[in-house]
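Residue numbers (our numbering), protein chains in the order written: chain X, 405 to 952; chain B, 5 to 532. Worksheet: one structure, shown below.
Rendered as structure tokens:
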């Protein structure tokens, strides 16, 4: 370990590690500082009190990770990382034990499953899937892995191509409106919409409508990390160690050292000081980065106010039910469609749009959800290494605000109701499962939204997206226009966390995008090849429409 | 990085000894691969969030007493890779029912002052023992922990030459209990010493022939320290050091067989069926698994098999209670005894040698000890990073039998946990139900399930009795770290000097293997 580095990365979540890995491999001296003993942030798995059961307490489905550029550039395959691809992504179970299934890359089968609820929607799904391939791959996907292009400029470019015009047209809508525009059946609408809810999008916010055709056209490449979610944390740990970067784990940053208005290093809570010659990159949230660590005295008051106004979501925090099971769960809906038993995600408790409206109402009022809409899976069903032989694990997420209102008992109430809410989830689930009986449960425990914040303080109130994904906090406005290119008003300070475009989940995009920006600001040519959405979109405009 | 399935050395198990031997050999230029059954490296260096997310609990080793004397810690870049230790000024505290307390400090003067409040005579004796033995322990006893065991006759030869040596031999032949009785008059003082036998040393007070442990404890040549950020952190550091040195670990890799050809070990086979090859195999796991399961009886001499089968497991196990707390437990103490609330190692309920006699008697009868004599600690007093800001963790250890006659651990653990918590609460009223966010037990069964070489929850991987120590650990045929199987070595806690975070077996194995492979040793070999 040295006293001085070229650059220091705050936070050893996957975005910080990816950003650090690229920059270290660019020949820079890098230090990554992680508050927690285990790096990986949301790549977090615990062995339960009953040994041999691995519980992935945060991220689980790593969509399409193996096909991402950073995964290949940083050679995670050769770090011992393995992924399991899951052919059936989602099964939505209705109260009367019917089901809609979403197949990873078989739109026809998905459409057929939808068709059992509505022939019209079956047709609509297939049409949308075909019609918007360009929107999904050339516009939406490219936008994720490139710094966001300022809206006016983006508009001008996109208007020149068919896919671009489609994108702009849908952008004006909210996800709710987009779903209703495509589908007629309430169950189908509920499912499609809920998948956006669970991805953290505020579905009632305008400006996000393009998410729906993009999701339907792109398919969902569901993958899970073999040996538990945290195994990817280990692979990134090995990657960062081999890259030559130094790592401090188990120590939190107290402040960002400021010298002549420039971010010049960090002071840790344990008193250690490390200098940064060239830059500091923070993967923490704006509140922590600017108010706690840079300090308001070093900020323009107008900017400080924007930071204070940054909004954390009450519709992404999760209560998680974790189960260790003697035997995997089977579903009553399998009589309706046997594929249900092979699905990855299952949704239990959602029968239509109204349920989402109610959930949003409860979240807005910061009270406990009156009804449950659980989404979960049984990881060990698909990866037996995560449980003792023949046994199984399961997790179930319920969206619920962490910062309960005063009337509701406040955040601390979660500690009091932990066991009761856990049991409530189990009871709810037993309506859908054939075999969720007391003797099948080896162990059950609950992780509250407040536990999430205690473990990962950047997730305020348990907001796993680290900032609301709504019209005013996405794309070139995330987290604020002046930080949307991963640069900040503080000289030498960059952002690379989920509070930046494109947001949370295991995408690696904020870290990947930030690495290229930092690299170029240092006058270096990235050793990898970071795509520019701008250029790709221009090429579309020049008539190079994708052939389908 | 291991790109294919051939290495120079394969180490079975990434416990601290496995990581140490791997680091020494990798730094010497050998291609080393560790096979680890679990996801996390470190074996007993295990810190996990078993109560609530964000609350770290050290499930196995916790009081790291030998870091300041461990050659590996000086030789290997532990701190370069972010391992950090802290030695709490109040090393240990015994709280008494009347609110008085006896403390052991990092300063001898203060310790003696504290003892003097209980017995002037014992305070003098304490100083006298230090004067007599401190240098001898530092120059002779400690180096012996980190060298391959010498033949019994040689040990005696070294000692019988001088009066001090003869006195040492005499004390050695006694039990720790007898030595305490000879040294001290006050029961609380005796109890404070005896409390440090079982954890972290694996020894019970009546183990004859181990009396010399008493002066070892009194002289404090070893320093009780806490691994900052959790006991698992040194494992991270050694793991990173190994990766940087060109070594590698394969996690979730359960070795099911040591491959043997013409009487020599040539590789290992995993449960998955994959095979990995190396001319040198080092087993960091327990004796019985290594030979009876991985090597197989067919490759072993009958008499050796018998000896291995007779190898005795620990006599006791540890019942653990892990607490996630809103505030740190505060003892109610008489004025002038406040220091006990800052003590690293807490003794709750063990006031005299007689208390231990009762506990050990129940253990030997296979009963849950009626008397609660807790070993406890509040890690977050010394390292706030082990809990979310403003919160605390606590651990309780109670010595118990490996198995309870006529009962299953899962049927009794909750009730016994509550008894342990109530015991602490009797001295620290703020340890209320409201204060406890969550409490979780670790029974001997849980220990054995998590770390399978801690057979039946025996955390020292072989009873620490004279007949199983030094040149007799684990069996004379293997005590020099080589085995009858060519190319197969041992480096686990079943070897001299035994279990716990001592780092002895790892460094000695590196020395022995270094000799056999004629590598250029970059480190200085400990020699007494």
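Think of the CB as a built atom: it goes at the ideal place given N, C-alpha and C, for glycine as much as any other residue. Fair warning: this is a prediction, and the values are worked out from it, not measured in the lab.
A direct Cα-to-Cα measurement between residue 394 of chain B and residue 103 of chain B gives close to 27 angstroms. Unbroken alpha helix (DSSP H) runs of no fewer than 4 residues, entirely contained in the region 881-947 of chain X, are found at 913-925 and 937-945, following chain order. Residue 871 of chain X has its alpha-carbon roughly 60 angstroms from the corresponding atom of residue 361 of chain B.
Within chain B, the C-beta atoms nearer than 7 angstroms to that of residue 789 of chain X come from 256, in chain order.
For residue 105 of chain B, the closest alpha carbon among the candidates B/303, B/120 and B/291 is that of B/120.
Runs of alpha helix (DSSP H) with 4 or more residues, each lying fully within the region 803-876 of chain X, are found at 817-834 and 853-859, listed in chain order. The Cβ atoms of residue 422 of chain X and residue 901 of chain X do not sit closer than 8 angstroms to each other. DSSP, read as helix, strand or coil, puts residue 402 of chain B in strand.
Among the residues of chain B, those whose CB is under 8 angstroms from the CB of residue 856 of chain X are 57, following chain order. For residue 525 of chain B, DSSP assigns no beta-bridge partner whatsoever. For residue 132 of chain B, the uninterrupted alpha helix (DSSP H) run begins and ends at 124-140, by DSSP. Using beta-carbon distances, residue 466 of chain B does not count as an interface residue toward chain X, since no partner is under 8 angstroms. Just so you know, the alpha carbons of residue 477 of chain X and residue 430 of chain X end up roughly 12 angstroms apart.
With a beta-carbon spacing of about 6 angstroms, residue 783 of chain X and residue 460 of chain X fall inside the 8 angstroms limit used to define contacts.
The C-beta distance from residue 748 of chain X to residue 490 of chain X rounds to 4 angstroms, short enough to meet the 8 angstroms contact threshold.
Against chain B, the beta carbon of residue 632 of chain X has neighbours under 8 angstroms at 43, listed in chain order. Secondary structure at residue 462 of chain B: coil, using DSSP grouped into helix, strand and coil. Comparing alpha carbon positions, the residue from X/518, X/688 and X/453 closest to residue 860 of chain X is X/688. The shortest C-alpha to C-alpha distance from residue 291 of chain B to any of B/308, B/312 and B/279 is the one to B/312. Approximately 4 angstroms separates the beta-carbon atoms of residue 275 of chain B and residue 258 of chain B; this is inside 8 angstroms, confirming the contact. Counting only the Cα atoms, residue 675 of chain X lies some 15 angstroms from residue 406 of chain X.
Between residue 288 of chain B and the set B/11, B/37 and B/519, the nearest pair of CA atoms involves B/37.
Contact note: residue 381 of chain B does not reach chain X at a C-beta cutoff of 8 angstroms; the least C-beta distance is about 18 angstroms. Neighbours of residue 236 of chain B in chain X, taken as residues at a C-beta separation under 7 angstroms, are given in chain order as 441. Sequence-distant Cβ neighbours of residue 391 of chain B in its own chain, meaning closer than 6 angstroms and more than five residues away, are 59, 384 and 397. Uninterrupted beta strand (DSSP E) stretches at least 3 residues long and entirely within the region 381-438 of chain B occur at 396-404, given in chain order. Our two residues, residue 318 of chain B and residue 468 of chain B, have alpha carbons roughly 7 angstroms apart in a direct line. Closest option to residue 823 of chain X, judged by alpha-carbon separation, among B/375, B/443, B/297 and B/346: B/443. Residue 477 of chain B counts as buried, since at least 16 other C-beta atoms from the protein chains shown sit within 10 angstroms of its C-beta.
Listed along chain X, the residues sitting closer than 8 angstroms to residue 51 of chain B by beta-carbon distance are 441. Secondary structure of residue 175 of chain B (DSSP, three-state): helix.
Taking the Cβ atoms as the reference, residue 869 of chain X lies roughly 15 angstroms from residue 912 of chain X, outside the contact range of under 8 angstroms.
Proximity of chain B to residue 484 of chain X at the Cβ level (cut-off 8 angstroms) is accounted for by 254 and 255, in chain order. Under the three-state reduction of DSSP output, residue 568 of chain X falls in the helix class. Residue 644 of chain X and residue 505 of chain X have their C-alpha atoms roughly 39 angstroms apart.
For residue 498 of chain X, no pairing in a beta bridge is given by DSSP.
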